[in-house]
Structures are given as structure tokens and as C-alpha cells.
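Converting from the sequence shown to the working numbering requires adding 18 to each position, the first position being numbered 1. Glycine included, each C-beta is placed from N, C-alpha and C at the ideal position. Take a look at the structure below.
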Amino acid sequence: MAGVTARMLCEVASRVNNVLKGEGFSNNKKEVHFAQLMFVRNSRRSPHVRG
């Protein structure tokens, strides 16, 4: 389970990094917001989030 969480965090981090590099920032604002929500949920270890 810890491995799945780490993988998820890596995906989110790479997505945020791509957007921060200026890759279609205005188009990805919603996606970034969603990624941040998922990151917060994962950090709180919500039982709702599953791999």
C-alpha cells in the first residue's frame, strides 16, 4: 500500500512540475487544482483514496 501511495505522489509531483515549467499553464489550472486535492488527500491517508 505504501508503494502505491509513493507512486501516486510521484505522478502528482511530475504533473505539477510539468505545469510549473509553463506547459500550457492556463489550460492545466483545473488539473493542477485536482492534483493538489489528490495530494492533500493522500497526505492525510484518507481511506477514500485507493490504488
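- Lys39 carries a coil assignment under DSSP once its states are collapsed to helix, strand and coil.
- When only Cα atoms are considered, Phe57 and Asn35 end up about 14 Å apart.
- Pairing Leu55 with Ala31, the inter-Cα distance amounts to about 12 Å.
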